[in-house]
Amino acid sequence: MTILIKNGTVVSATGRTAADVLIDGEKIVAVLAPGSVLLGTDLAADVDQVIDATGKYVIPGGIDAHTHMEMPFGGSFASDTFETGTTAAAIGGTTSIVDFVVQYPDQRPLDQYHLWQEKAGGNCAIDYGFHQILSDVGDESLKAMDELITEGVTSFKLFMAYKGVFLSDDGQILRAFQKGAENGAMMMMHAENGAMIDVLVQQAIAAGNTGPYYHGITRPWQAEEEATHRAIMIADLTGAPLYVVHVSAKQAVDQIATARDKGLNIFGETCPQYLYLSLEEQLGAPGFEGAKWVCSTPLRSRAEGHQDHMWQSLRTNDIQMVSTDHCPFCMKEQKELGIGDFSKIPNGIGSVEHRMDLMYQGVVNGQLTLERWVEITSTTPARMFGMYGKKGVIAPGADGDVVIYDPNGHTSIGLPVDADGNPTGRSHHMNMDYSAWEGFEIDGRVDTVLSRGKVVVDGGNYIGTKGHGQYIKRGLSQYLN
Ligand code: URP
Ligand code: ZN
Ligand code: ZN
Ligand code: ZN
């Protein structure tokens, strides 16, 4: 099967140009001047399918490097399966995810890795890779790191919060980072001071401050800045590269920027929620509504200016990329577990379907260039996590992962409701009974999506199949100094 994408504007991290893209089977084989005639043959007449991209952008498929499909949590699971979550991702222009294998303290990392392979295998609409979460690091996890790298799991997330569940202490973190420095792994950190947070949470509940707003109040920016600084010091001491996940506080950004100015391999990720949403407007919504936006790190105060600083940091490359931290829980029976005690609200927001659109709106709003949009949503994620060349670029030899994006289209996000406020249908495809992005209007639209040379979204409609997605065996980071 050969496909020619004609008449579009091909946008990369470094520029834009009018070009046609030729795909043969699963791979891109040529990027050509418009209307090229190769060895006397008219390509457009010769290929199996021509897709007209006139007036549209042709970009490398989105890569969401932070998702939690079916993540086990307190006897429940994040509400998207690999099937529903990757289907929603595809519809939104994302053609690869990197999901987190979860290891709880009583489990073995490699067992969990194999379990995640079973969960995802045969179920994904798009390609998928894995990071590994290591809880309560010990000898077994350190040994597993070497083996996992040979399996293509080249990045490991540790936690400075959630005592008794995920938390590793500084000595454990030091040992894991030493291992990462030795074997080339990317160390990832959930940087929040859990001990401080646990006390603040107890005090808030005891004082009767039990609503979702206090989730934000009890996880202050100081807890994020302090932990970010500490993680950077451990990375500097050991020589391991460090990627700080879900950065939301401007003070944490500045810790990362300072470390980068020293030439250290320190990187930061932010998420759409920290760019658009806030403590006051969302977590502070009336009644229990704020539960929809309970995630960690929490949404920050707009009065303090975190959101604006986060947009700026994307322009200055103090923050390198945007993932979603897609971790959906329904209001019914899941978020509701925390009525009367915000600390029991499952943490997470679902956005995997909307990341490309939400970040494109940053281009429309003048906060990002078109090229930077491609860079932070596809090219850098590919380089950061050892997939570049195969993913993250439109060039001969790369996988045929391509999004045709229509800047003249429009996308309304949210759940339409009837006069009584009951949902009448779904304008999103994630398995959630609400949208954290209700009411967002995007001046652009995902038109066509190809995953390894197969059209999986046509004119906005999903036509892919579960099981098309393949495991991405990743290499070491291609983003290091
Ligand atoms: O609230 C969040 N972020 N849930 C997912 C788990 C994590 O810490 O990334
Ligand atoms: Zn985290
Ligand atoms: Zn700054
Ligand atoms: Zn996460």
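Reading the sequence shown from the start, the letters are residues 670 to 1150 in this note's numbering. For every residue, glycine included, the Cβ atom is placed at its ideal position computed from N, Cα and C.
Exposed or buried, residue i, counting other C-beta atoms within 10 Å across all chains shown (16 or more means buried)?
i: K1060; result: buried
i: S1081; result: exposed
i: M670; result: exposed
i: G1035; result: exposed
i: L944; result: buried
i: L691; result: buried
i: T966; result: buried
i: L708; result: exposed
i: I1132; result: exposed
i: A794; result: buried
i: Q871; result: exposed
i: H800; result: buried
i: E816; result: exposed
i: L906; result: exposed
i: H1023; result: buried
i: K1001; result: exposed
i: A972; result: exposed
i: T819; result: exposed
i: A813; result: buried
i: H1097; result: buried
i: Y773; result: exposed
i: L1149; result: exposed
Do residue i and ligand 4 come close, with the Cβ less than 7 Å from some heavy atom?
i: H735; result: yes
i: V914; result: yes
Is residue i a contact residue of ligand 2, with contact defined as CB to any heavy atom under 7 Å?
i: S965; result: yes
i: H859; result: yes
By DSSP, does residue i sit in helix, in strand, or in coil?
i: L1178; result: Past the boundaries of the shown model lies residue 1178; the chain is included only from 670 to 1150, so the question cannot be answered.
i: T755; result: helix
i: Y1029; result: helix
i: N1077; result: coil
i: N852; result: helix
i: F769; result: strand
i: A699; result: strand
i: L869; result: helix
i: A1088; result: coil
i: I674; result: strand
i: V1071; result: strand
i: V719; result: strand
i: V679; result: strand
i: Y912; result: strand
i: T1038; result: coil
i: A864; result: helix
i: S1020; result: coil
i: V834; result: coil
i: F1011; result: helix
i: T1049; result: helix
i: T710; result: strand
i: S1096; result: coil
i: M857; result: strand
i: K812; result: helix
i: K788; result: helix
i: K1059; result: coil
i: Y1103; result: coil
i: Y943; result: helix
i: Y782; result: helix
i: Y883; result: helix
i: R929; result: helix
Relative to ligand 1, is the shortest distance from any of its heavy atoms to the C-beta of residue i smaller than 7 Å?
i: D994; result: yes
i: G684; result: no
i: G959; result: no
Within 8 Å of any Cβ in chain B, is that where the Cβ of residue i sits?
i: P997; result: No chain B is part of this structure, which consists of one protein chain only.
Residues bridged to residue i by DSSP?
i: P741; result: F746
i: D689; result: L701
i: V1124; result: L1119
i: E938; result: M990
i: F799; result: D768
i: G731; result: T763
i: E1110; result: S1081
i: T736; result: D768 and H995
i: F825; result: Q801 and M856
i: N1130; result: D1127
i: Y1140; result: Y797
i: Y726; result: T678 and Y1074
Using only the heavy atoms of ligand 6, determine whether one of them is closer than 7 Å to the beta carbon of residue i.
i: G1017; result: Questions concerning ligand 6 fall outside what the structure shown contains, since the ligands it does hold are ligand 1, ligand 2, ligand 3 and ligand 4.
Practice task
Report the residue ranges of all alpha helix (DSSP H) runs contained in full by the stretch 962–1001; include only those spanning at least 4 residues, in chain order.
Solution key: 975–985
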